[in-house]
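Take the sequence shown: its position 317, counting from 1, is numbered 348 in my numbering, and each next residue is one higher.
Cβ coordinates follow ideal geometry from the N, Cα and C atoms, glycine included.
It should be emphasised that the depicted structure is a prediction, and the values quoted were computed from it without experimental measurement.
Right, one structure below, let's go through it.
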Amino acid sequence: MRTLLATGLAAVAALTAAAPAGATTPARADHTARAHCPRLDANLPWFGDNRAKLQKMIDERGTCSGKRGPRPVAAFDWDNTVVKNDITDATLAWALKHDGILRPRSWRDTSAWLTPAADKALTKACGTAVPVGAPLPTSRNTACTDEIYEIREKSQTMAGEPAFAGDWDHRRTVPAYAWIPQLFAGHTPAALTSMAKKARAEALAAPVGSKQTVGTHTIAGYVRYYDQQKDLIRTLKRAGFDVYIVSASSEPIAEAWSGGVGLDRAHTIGIRSITEHGRLTARLKGCGGAETGRGDALPYMDGKRCMINQEIFGIKGAAAWKQQDPAHRIALGAGDADTDVTFVNDATGAHIAVNRNKAELMCRAYDDADGRWVAQPMFIDPMPRRSGTYPCSTTAATLPDGTHGPVLRADGSVIPDQPDRAA
Numbered sequence: 032m033r034t035l036l037a038t039g040l041a042a043v044a045a046l047t048a049a050a051p052a053g054a055t056t057p058a059r060a061d062h063t064a065r066a067h068c069p070r071l072d073a074n075l076p077w078f079g080d081n082r083a084k085l086q087k088m089i090d091e092r093g094t095c096s097g098k099r100g101p102r103p104v105a106a107f108d109w110d111n112t113v114v115k116n117d118i119t120d121a122t123l124a125w126a127l128k129h130d131g132i133l134r135p136r137s138w139r140d141t142s143a144w145l146t147p148a149a150d151k152a153l154t155k156a157c158g159t160a161v162p163v164g165a166p167l168p169t170s171r172n173t174a175c176t177d178e179i180y181e182i183r184e185k186s187q188t189m190a191g192e193p194a195f196a197g198d199w200d201h202r203r204t205v206p207a208y209a210w211i212p213q214l215f216a217g218h219t220p221a222a223l224t225s226m227a228k229k230a231r232a233e234a235l236a237a238p239v240g241s242k243q244t245v246g247t248h249t250i251a252g253y254v255r256y257y258d259q260q261k262d263l264i265r266t267l268k269r270a271g272f273d274v275y276i277v278s279a280s281s282e283p284i285a286e287a288w289s290g291g292v293g294l295d296r297a298h299t300i301g302i303r304s305i306t307e308h309g310r311l312t313a314r315l316k317g318c319g320g321a322e323t324g325r326g327d328a329l330p331y332m333d334g335k336r337c338m339i340n341q342e343i344f345g346i347k348g349a350a351a352w353k354q355q356d357p358a359h360r361i362a363l364g365a366g367d368a369d370t371d372v373t374f375v376n377d378a379t380g381a382h383i384a385v386n387r388n389k390a391e392l393m394c395r396a397y398d399d400a401d402g403r404w405v406a407q408p409m410f411i412d413p414m415p416r417r418s419g420t421y422p423c424s425t426t427a428a429t430l431p432d433g434t435h436g437p438v439l440r441a442d443g444s445v446i447p448d449q450p451d452r453a454a
């Protein structure tokens, strides 16, 4: 259980000028007083007036507001939101190059949704000569590496056959995401974090724009922290916000990176594996009553809301899937993909949408229903402007059964198609 929200701002209020005795509201027009409030770095470029929007929210919700009550919460996705590129890809690539995957008794044990075709392809490519629980020689076995990475990347085998099948809620989980922590079964959490730290060192040292080869796959070879997001997190913390990472990466992998922005393990939420005798298993912890062990409830889409409600606000059971009242919602949410859209939309103060041309997220960002959306091009190597419009009125939203439909506002009205403007 994560540490729940503090009951007041008393501990952080000392960081700001004290209000006169009996004052009921701060002197918001006092520019001298506001000059001492935590400020975003004016030398770091943001798109349009985004820095000003975020500063306004920090001033309204943070210690300089003079308000009493629970600490406001900010929640950030990780990959391509706080950093450029994907730390799970970087860690898996490092593990495959260094024989970091242990042979399972059966590949079907790694996922309840793995198809017979995928089981057959992995068994053929990776072989059975290595004892169960011993490292697979993926550094030398290109076929094994390719099958693993193709399933990670495309949810299919190298022959193009589906790797996962069955029923799951497409707004709560995706089997390919669950499969990565399941692949590391048999390791201790510390061992997985160690692999992630080694991958981190290589990715941070690699030149921006570099590529790496994994089997015959070519993927990004570098990762970089976004300076603007590091500064935002630092400023939020100074202003009294409780800041969390909520990632669909395996939690031991996310923990290897989150310290780089000043966040500890208690403020790093990821996919959580069930351990036995101190070692990771292929069973995953659920959320909101979805405790099957299969991975039915990941920090993914609606699952990120569930994890925030359960782990930060202490809301248990089925209620964790519901949008809460404003007092029990995050003040700031930041994400880059449709996997983040639910929790980012839940934010009451600012919704940061880092633009990777993901339709459901950008439909909400450009519709800007509450006037608090912050649409931001990627800080490094931004995506080109999308041609045409996002299909907000027809197919931009993912439905629980995996089909697509229109993106709806809170009142049930349909968001019209939106052009790409933050690029």
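Residue from the options with nearest C-alpha to residue i
{"i": "residue 379", "options": "248, 363 and 388", "result": "363"}
{"i": "residue 104", "options": "329, 276 and 223", "result": "276"}
{"i": "residue 434", "options": "201, 168 and 260", "result": "201"}
{"i": "residue 440", "options": "228, 407, 373 and 198", "result": "373"}
{"i": "residue 229", "options": "207, 126 and 388", "result": "126"}
{"i": "residue 417", "options": "308, 245, 232 and 387", "result": "387"}
{"i": "residue 351", "options": "357, 358 and 333", "result": "333"}
{"i": "residue 119", "options": "345, 79, 284 and 429", "result": "284"}
{"i": "residue 273", "options": "360, 392, 313 and 312", "result": "360"}
{"i": "residue 71", "options": "405, 92 and 260", "result": "260"}
{"i": "residue 240", "options": "253, 231 and 80", "result": "253"}
{"i": "residue 209", "options": "97, 408 and 323", "result": "323"}
{"i": "residue 383", "options": "404, 391, 389 and 390", "result": "404"}
{"i": "residue 331", "options": "205, 96 and 91", "result": "205"}
{"i": "residue 95", "options": "83, 294 and 67", "result": "67"}
{"i": "residue 527", "options": "414, 409, 432 and 438", "result": "This structure cannot settle anything about residue 527, because the visible part of the chain is limited to 32 through 454."}
{"i": "residue 244", "options": "431, 169 and 419", "result": "169"}
{"i": "residue 234", "options": "102, 122 and 402", "result": "122"}
{"i": "residue 292", "options": "310, 280 and 255", "result": "255"}
{"i": "residue 82", "options": "346, 100, 197 and 262", "result": "262"}
{"i": "residue 358", "options": "268, 102 and 97", "result": "102"}
{"i": "residue 137", "options": "431, 313 and 423", "result": "313"}
{"i": "residue 280", "options": "227, 432, 242 and 190", "result": "227"}
CB contact flag (residue i, residue j, <9 angstroms)
{"i": "residue 108", "j": "residue 371", "result": "yes"}
{"i": "residue 251", "j": "residue 117", "result": "yes"}
{"i": "residue 112", "j": "residue 214", "result": "no"}
{"i": "residue 87", "j": "residue 257", "result": "no"}
{"i": "residue 179", "j": "residue 132", "result": "yes"}
{"i": "residue 287", "j": "residue 225", "result": "yes"}
{"i": "residue 89", "j": "residue 365", "result": "no"}
{"i": "residue 85", "j": "residue 454", "result": "no"}
{"i": "residue 394", "j": "residue 349", "result": "no"}
{"i": "residue 443", "j": "residue 425", "result": "no"}
{"i": "residue 222", "j": "residue 192", "result": "no"}
{"i": "residue 354", "j": "residue 319", "result": "no"}
{"i": "residue 146", "j": "residue 78", "result": "no"}
{"i": "residue 300", "j": "residue 282", "result": "yes"}
{"i": "residue 203", "j": "residue 73", "result": "no"}
{"i": "residue 16", "j": "residue 369", "result": "Because the chain in this structure spans residues 32 to 454, residue 16 falls outside the shown range and cannot be described."}
{"i": "residue 407", "j": "residue 385", "result": "yes"}
Contact belief for residue i with residue j at Cβ below 8 angstroms, rounded distance in angstroms
{"i": "residue 134", "j": "residue 163", "result": "6 angstroms"}
{"i": "residue 266", "j": "residue 69", "result": "5 angstroms"}
{"i": "residue 165", "j": "residue 339", "result": "Actually they are not in contact, since the Cβ atoms of residue 165 and residue 339 sit about 39 angstroms apart, beyond 8 angstroms."}
{"i": "residue 143", "j": "residue 188", "result": "Incorrect: roughly 18 angstroms between the Cβ atoms, too far for contact."}
{"i": "residue 315", "j": "residue 212", "result": "7 angstroms"}
{"i": "residue 248", "j": "residue 184", "result": "7 angstroms"}
{"i": "residue 278", "j": "residue 110", "result": "7 angstroms"}
{"i": "residue 311", "j": "residue 220", "result": "6 angstroms"}
Next on the checklist: With a threshold of 8 angstroms, are at least 3 pairs of Cβ atoms found where one atom belongs to the stretch 155-165 and the other to the stretch 174-188?
Outcome noted: yes
Checklist entry - What beta strand (DSSP E) runs, 3 residues minimum, are completely inside the stretch 296-369? => result 299-302, 304-307, 310-315 and 363-366
Item to check | Inter-stretch contact (C-beta, 8 angstroms, three-pair minimum) for the stretch 389-400 and the stretch 439-454 | outcome: yes
Checklist entry - Do three or more CB pairs link the stretch 298-312 to the stretch 210-225 at distances below 8 angstroms? => result yes
Item to check | Ranges of the alpha helix (DSSP H) found wholly within the stretch 186-224, counting only runs of at least 4 | outcome: 206-214
Next on the checklist: Please give the ranges of any alpha helix (DSSP H) in the stretch 233-294, keeping only runs that are unbroken, at least 4 residues long and fully inside the region.
Outcome noted: 258-269 and 282-289
Item to check | Contiguous alpha helix (DSSP H) assignments of at least 4 residues, all confined to the stretch 142-191 | outcome: 147-157 and 173-185
Item to check | Ranges of the beta strand (DSSP E) found wholly within the stretch 59-135, counting only runs of at least 3 | outcome: 104-107
Checklist entry - Counting only runs that start and end within the stretch 372-442, where is the beta strand (DSSP E) found for 3 or more residues in a row? => result 381-386 and 404-408
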